[in-house]
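Let me begin by presenting the structure, written as structure tokens, before commenting on it.
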Ligand code: MG
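Residue numbers (the numbering used here): 1 to 388.
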């Protein structure tokens, strides 16, 4: 098996929504296709993936650095010595040649799109959904009945009010999502609390509502919100402060008895190690949200999970950021705590294909080969154009 070509395409996200920090109006995502000389049904076998959602497309890094490195490598150095097939870890190492350690920023997302496309390719080679390939490679039993899922929405809209928010949340519950997450930090505390109370009116309880500040608060705001949020008994309080301010997370965990969630903006095992060492997170309740699509792919992500377990966390404390098919397969394959969904937003990448079954609060991936991205309307057309 040889890589013959790697193509990438910038695809804009649909819709104009914002969290407390970012408008997604101009966001794009890198869609990547890895071609091989292996032929299936008269066509070359192609692996497809993208760099999750939320950190912009990475065409420059892919085109100028990573794709040439992989294409110029001795092809044998990219293969597993046991299977003779492409080895995601070796492809990743090659893509990262001549890169200094540390500073895990945009290149982590660029590399992840290539690495995850190799997983998609391996699953297609075996003609199986990728959660099976992932489970086998990590000696796990996949979650047979699917992954716990919640709807992530409640973004600040250009035209917004509490009625619209209530309607949005009622729609998620009607669609079968048992719990919901909304944004905070984009308005004054009093107005955010009115949004939270409106949401709880619909979910019936704070246990079915999480809130996400996207790292916006300073110390004073984070602690003020912590005090105001405590009585609601929320599912969790996410990314209150800057993702790298471990000392402040440690202080927050002492001030807030409820569940803290963070990690979606940590892109390396080293950063996760520092969060676990210095951030005060509690293995009996807190949630870690690293995202393979933003952090060098599944090779690095699996190492993060192993590190969590070493530090006393159960792997069900891992609930990746990024509600899309790739993370659904990763959660099911690695037996993690659950995943999010973005019904109706971040199209064409967000959400799941229609053949994924949502029942009893669990979502089960379909049996399409690979990640099944080709089965998702909107994305299917983009992939067809890229691989044509
Ligand atoms: Mg978040």
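Even for Gly, the Cβ is constructed at its ideal location relative to N, Cα and C.
Note that the structure is predicted; figures quoted are calculated from it, not measured.
- prompt: Can you tell me where the alpha helix (DSSP H) with residue 83 in it begins and where it stops?
  reply: Residue 83 -> no alpha helix (DSSP H), and no H or E assigned at all.
- prompt: Within 6 angstroms: the Cβ of residue 238 and any heavy atom of ligand 1?
  reply: yes
- prompt: Going by C-alpha distance, which of 46, 255 and 207 is nearest residue 225?
  reply: 255
Beta-carbon separation (whole angstroms), residue 351 vs residue 324, contact threshold 8 angstroms: 7 angstroms
- request: Check residue 212 in the structure and name its three-state DSSP category.
  value: strand
- prompt: Taking DSSP as the reference, what is the three-state secondary structure of residue 296?
  reply: coil
message: Output needed for residue 104: all residues of its chain with C-beta closer than 6 angstroms, excluding positions within five of it in sequence on either side, in chain order.
response: 267 and 268
message: Which complete alpha helix (DSSP H) runs does the stretch 138-207 hold, if anything under 4 residues is left out?
response: 162-175 and 189-203
query: In the DSSP assignment, what residue or residues form a beta bridge with residue 64?
result: None; residue 64 has no bridge partner.
- prompt: Exposed or buried, which one is residue 318 when buried takes at least 16 other CB atoms within 10 Å?
  reply: buried
task: Give a yes or no on contact between the stretch 41-58 and the stretch 127-135, applying the rule of three or more CB pairs nearer than 8 angstroms.
output: no
- prompt: Looking only at DSSP bridge pairs, what is residue 129 linked to?
  reply: 370
message: Could you check whether residue 272 and residue 248 sit closer than 7 angstroms to each other, using their CB atoms as the reference points?
response: no
query: CB-CB under 7 angstroms to residue 91, same chain, minus the five flanking residues each way: which ones, in chain order?
result: 70, 78, 114, 115 and 118
message: Closer than 6 angstroms to a non-hydrogen atom of ligand 1 - does that hold for the CB of residue 340?
response: no
field: Touch test, the stretch 30-38 against the stretch 2-15, Cβ-Cβ under 8 angstroms, three pairs minimum
entry: yes
Residue 61 vs residue 136 beta-carbon contact at 7 angstroms: no
- request: Give the straight-line distance between the Cα atoms of residue 198 and residue 174, rounded to the nearest whole angstrom.
  value: 17 angstroms
message: Across the stretch 334-354 and the stretch 370-385, are there enough close Cβ pairs to call them in contact, namely three or more that are closer than 8 angstroms?
response: yes
Inter-stretch contact at 8 angstroms, needing at least 3 Cβ pairs: the stretch 139-147 / the stretch 155-162: no
task: Just the C-alpha distance for residue 157 and residue 369, rounded to the nearest angstrom, thanks.
output: 36 angstroms
- prompt: With respect to 6 angstroms, is the separation between the Cβ of residue 212 and the closest non-hydrogen atom of ligand 1 below this value?
  reply: yes
Through-space distance from residue 40 to residue 85, alpha-carbon basis: 15 angstroms
message: Using a Cβ-based criterion (distance less than 6 angstroms to any ligand heavy atom), does residue 201 qualify as near ligand 1?
response: no
query: Would the C-beta of residue 354 count as close to ligand 1, meaning under 6 angstroms from any of its heavy atoms?
result: no
message: By the DSSP assignment, the beta strand (DSSP E) with residue 3 in it spans what residues?
response: 3-12
query: In terms of alpha-carbon separation, which member of 270, 258 and 222 lies closest to residue 241?
result: 222
message: So, under 8 angstroms CB-CB, residue 89 and residue 299 are touching, yes? Tell me the CB distance rounded to an integer number of Å.
response: 5 angstroms
field: CB contact flag (residue 9, residue 358, <7 angstroms)
entry: no
task: Return the CA-CA distance between residue 219 and residue 245, expressed in angstroms with no decimal places.
output: 10 angstroms
field: Alpha-carbon spacing of residue 31 relative to residue 67, whole angstroms
entry: 13 angstroms
- prompt: Whole-angstrom Cβ separation of residue 211 and residue 229, contact assumed at under 8 angstroms?
  reply: 7 angstroms
Of the listed residues 289, 372, 207 and 270, nearest to residue 338 (C-alpha basis): 289
field: Residues of its chain near residue 23, where Cβ-Cβ distance is below 6 angstroms and the 5 sequence neighbours each way are ignored
entry: none
query: Per DSSP, which one or two residues make a beta bridge with residue 44?
result: 39
task: Could you check what DSSP says for residue 96 in three-state terms: helix, strand or coil?
output: coil
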